[in-house]
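Trainee: Numbering (the numbering used here), first residue to last: 4 to 574. Using N, Cα and C, we set each Cβ at its ideal position, and we do this for glycine too.
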Ligand code: ATP
Ligand code: MG
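Here it is, written out as structure tokens:
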């Protein structure tokens, strides 16, 4: 039988002060609780407590992969440069790929992801459609020479990833593998107690998604999201085709008004006492084909660079010289009376708007009551704005909420990208050679750990969900030298261990305050306080780390009660 851990032996060097380099709560708390240590930029050691949580996350993943028939295996971390050449990624991957050369002058890379290796592995081995589909996966360290490694485990240069690859004979089969992985990923988040949204990773894909990112909601997240409580739609603001709630201008004859110095949306809105959304922002740019272009967006929205590249190709915003040479008046551009030869576009959200408040293409003047179709026309409708909270859901029309997210995992339909370039084929039912249809599915295991802490902490420390906690119960033995205390603490610890509970006992001769603080910092879900005062009455105190509730338990009931609580909390 396993024993319990003694705090006096546990290798968890805690920090009294907040480490200066840690901006995020997860980074700070994992360092302070003695769970991780930085070795170099983007490189961390997982100390015993973190490692126990990592193993639990991995086991949850294994369990869900097993349930859908994915097979665990492992390939070398070191990958052959030749394969990267074949797929074209030796050049495409850029400086993030950590490259090295062996003594025979052959090129290798430390795997940042393993599409090439797995495709190479099955080529020539999986020969017939009868053997398909197959999904293989591993849980392994990955290497990426990130431009800005930061936030501790969130963005490391070496990190743990679970990566799976599916090989299918048909699109339907790929779709099925993809849906299974997606469902498994949702379950994994749930079992890790991560509140995460599945977010379409690419926009404009009609007829189903081909890539979903699972975003753990957290203020510290790098991604900005919009989501719909009503229908479940969620997207990155940069990819979402949300419908902006556009304000209308006022109705009337076209009227030119003096707006001295009002060359920005904020100025115009303030001067005329209208909302920003009732105004129109004009972006002057040179499109990929070299054509001067003006694009109108609702005054309270931004044009988004990624979408603008889809719409305009390799565009750039006009410089002052370019504006002047096109006779465009900075700050006062509008759709009425634009110079000849200018490509006139507007965001599709403005399509149903009839009355516009716009620049008059003249310094210090705007037009009121510019009417679409009467006073101006738009040549092309494009999708270029960054969505934001309060826009409308493109699926159901409800009002969208905003949030920030941490990408913890991604599922992706690759199609034949790698099987074609690496020549990985099978024979289909009618005897034809075809490239595999592939999917790839990645979970950041170490990032998931950080995301869990990001969602589960307070000012005192981490609040571990039972499913991923390093230890389930901490027994705080106060006055360890008291003849009553230690035997009881030990008895309860042994009883819990016998009941299959993971226990650490604080057996140090520290002051109670130090022990309580460390217990809250490390954040195991249940604390049992054994002190001489309580024991004289025959009770110990149980504290729930999450809600802070305390209750007294008769010594004789402690093991059973706590073991039940723990069992109920496991997922
Ligand atoms: P990001 O956009 O955050 O750089 P990515 O989209 O490049 O991530 P993927 O290639 O999709 O990452 O990798 C799968 C998963 O691996 C991610 O969802 C994330 O959880 C994790 N991951 C990626 N890069 C890192 C990193 N530098 N440190 C820790 N985890 C990472
Ligand atoms: Mg990704």
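Taking 8 Å as the cut-off, is the CB of residue 204 close to at least one heavy atom of the ligand MG?
Mentor: Yes - the ligand MG has a heavy atom lying nearer than 8 Å to the Cβ of residue 204.
Trainee: Can you determine whether any heavy atom of the ligand ATP sits closer than 8 Å to the C-beta of residue 152, and answer yes or no?
Mentor: Residue 152 Cβ: within cutoff of the ligand ATP.
Trainee: Under 8 Å by Cβ, that's how I've got residue 164 and residue 27 pegged, so tell me the actual separation to the nearest angstrom.
Mentor: Going by Cβ atoms, the distance from residue 164 to residue 27 rounds to 20 Å, so no, they are not a contact pair.
Trainee: With respect to 8 Å, is the separation between the Cβ of residue 149 and the closest non-hydrogen atom of the ligand MG below this value?
Mentor: No, since every heavy atom of the ligand MG falls outside the 8 Å radius drawn around the Cβ of residue 149.
Trainee: Using 8 Å as the Cβ pair cut-off and three pairs as the minimum, do the segment 312 to 324 and the segment 272 to 292 touch?
Mentor: Yes: at least three Cβ pairs fall under 8 Å.
Trainee: Please report the distance separating the alpha-carbon of residue 88 from that of residue 313.
Mentor: In a straight line, the C-alpha of residue 88 is about 28 Å away from that of residue 313.
Trainee: Using DSSP's beta-bridge definition, name the partner residues of residue 43.
Mentor: In the DSSP output, where bridge partners are listed per residue, residue 43 has 46.
Trainee: How would you write the range of the beta strand (DSSP E) that residue 2 sits in, first residue to last?
Mentor: Residue 2 lies beyond the range of the chain shown here (4 to 574); nothing can be said about it.
Trainee: Check whether the Cβ of residue 486 sits closer than 8 Å to any heavy atom of the ligand MG, and report yes or no.
Mentor: It does not: the Cβ of residue 486 is nowhere closer than 8 Å to a heavy atom of the ligand MG.
Trainee: Alpha carbon to alpha carbon, how far is residue 242 from residue 266?
Mentor: Roughly 29 Å between the two C-alpha positions.
Trainee: Helix, strand or coil: how does DSSP classify residue 396 here?
Mentor: Residue 396: coil per DSSP, three-state reduction.
Trainee: Which of the three DSSP states is assigned to residue 188 in this structure?
Mentor: The answer is helix: DSSP assigns residue 188 an H, G or I state.
Trainee: Going by DSSP, what residues sit across from residue 140 in a beta bridge?
Mentor: Looking at the DSSP assignment, residue 140 forms a beta bridge with 75 and 167.
Trainee: Do you know offhand how far residue 207's Cα is from residue 215's?
Mentor: Caution applies to residue 207, whose pLDDT of 41 falls short of 50 and renders its modelled position unreliable; the value that the coordinates give is listed next. Between residue 207 and residue 215, the C-alpha separation is close to 13 Å.
Trainee: Given a cut-off of 9 Å on the beta-carbon distance, is the pair residue 278 and residue 235 in contact?
Mentor: No.
Trainee: Exposed or buried, which one is residue 129 when buried takes at least 16 other CB atoms within 10 Å?
Mentor: Buried: at least 16 other Cβ atoms inside 10 Å.
Trainee: Output the boundary residues of the alpha helix (DSSP H) element that contains residue 86.
Mentor: Unbroken alpha helix (DSSP H) run through residue 86: 84 to 90.
Trainee: Give a yes or no on whether the C-beta atoms belonging to residue 217 and residue 199 are separated by under 9 Å.
Mentor: Yes, the pair counts as a contact, with Cβ atoms nearer than the cut-off.
Trainee: At what residues does the alpha helix (DSSP H) containing residue 58 begin and finish?
Mentor: First-last of the alpha helix (DSSP H) with residue 58: 51 to 70.
Trainee: Give a single yes or no on whether residue 413 has its beta carbon closer than 8 Å to a heavy atom of the ligand MG.
Mentor: Correct: residue 413 has its Cβ closer than 8 Å to the ligand MG.
Trainee: Drop a sphere of 10 angstroms on the beta-carbon of residue 509, count the other beta-carbons inside from all chains shown, and report buried for 16 or more, exposed for fewer.
Mentor: Per the 10 Å Cβ criterion, buried.
Trainee: Go ahead and label residue 517 buried or exposed: buried means 16 or more other beta carbons lie within 10 angstroms of its beta carbon, across all protein chains shown.
Mentor: The residue is exposed, with fewer than 16 neighbouring Cβ atoms inside 10 Å.
Trainee: Does the distance from the C-beta atom of residue 29 to that of residue 223 stay below 9 Å?
Mentor: Yes; because the gap between Cβ atoms is below 9 Å, this pair is in contact.
Trainee: Between 528, 501 and 439, which has its C-alpha nearest residue 176's C-alpha?
Mentor: It is 439.
Trainee: CB-CB under 6 Å to residue 67, same chain, minus the five flanking residues each way: which ones, in chain order?
Mentor: For residue 67, where only same-chain residues beyond five positions count, the Cβ hits under 6 Å are 187, 190 and 191.
Trainee: What does the alpha-carbon distance come out to for the pair residue 44 and residue 160?
Mentor: About 8 Å.
Trainee: Between which two residues does the alpha helix (DSSP H) carrying residue 622 extend?
Mentor: Outside the displayed range of the chain (4 to 574) lies residue 622, so it cannot be described from this structure.
Trainee: Exposed or buried, residue 449, counting other C-beta atoms within 10 Å across all chains shown (16 or more means buried)?
Mentor: The residue is buried, with at least 16 neighbouring Cβ atoms inside 10 Å.
Trainee: For residue 512 and residue 483, what's the separation of their Cα atoms in angstroms?
Mentor: Rounded to whole angstroms, residue 512 to residue 483 spans 7 Å at the Cα level.
Trainee: Who are the near neighbours of residue 557 in its chain, counting only those whose CB is closer than 7 Å to its CB and skipping five residues on each side?
Mentor: Closer than 7 Å at the Cβ level, and outside the excluded window around residue 557, lie 541 and 542.
Trainee: Please determine whether the Cβ atom of residue 410 lies at a distance below 8 Å from any heavy atom of the ligand MG.
Mentor: Residue 410: yes, Cβ under 8 Å from the ligand MG.
Trainee: Would residue 209 be called buried (16 or more neighbouring beta carbons within 10 Å of its own) or exposed?
Mentor: Only weak support is given to the placement of residue 209: the predicted model assigns it a pLDDT of 40, under 50, and the question is left unresolved by the model.
Trainee: Can you tell me whether DSSP reads residue 425 as helix, strand or coil?
Mentor: Residue 425 falls in the coil class under three-state DSSP.
Trainee: Can you tell me whether residue 445 sits near the ligand MG, meaning its C-beta is under 8 Å from at least one heavy atom of the ligand?
Mentor: It does: the Cβ of residue 445 is within 8 Å (strictly closer) of some heavy atom of the ligand MG.
Trainee: Three or more C-beta pairs closer than 8 Å, one from the segment 49 to 68 and one from the segment 9 to 29: is that the case here?
Mentor: Yes: at least three Cβ pairs fall under 8 Å.
Trainee: Between the segment 86 to 101 and the segment 144 to 155, can you find at least three pairs of beta-carbon atoms closer than 8 Å?
Mentor: They touch, by the three-pair rule.
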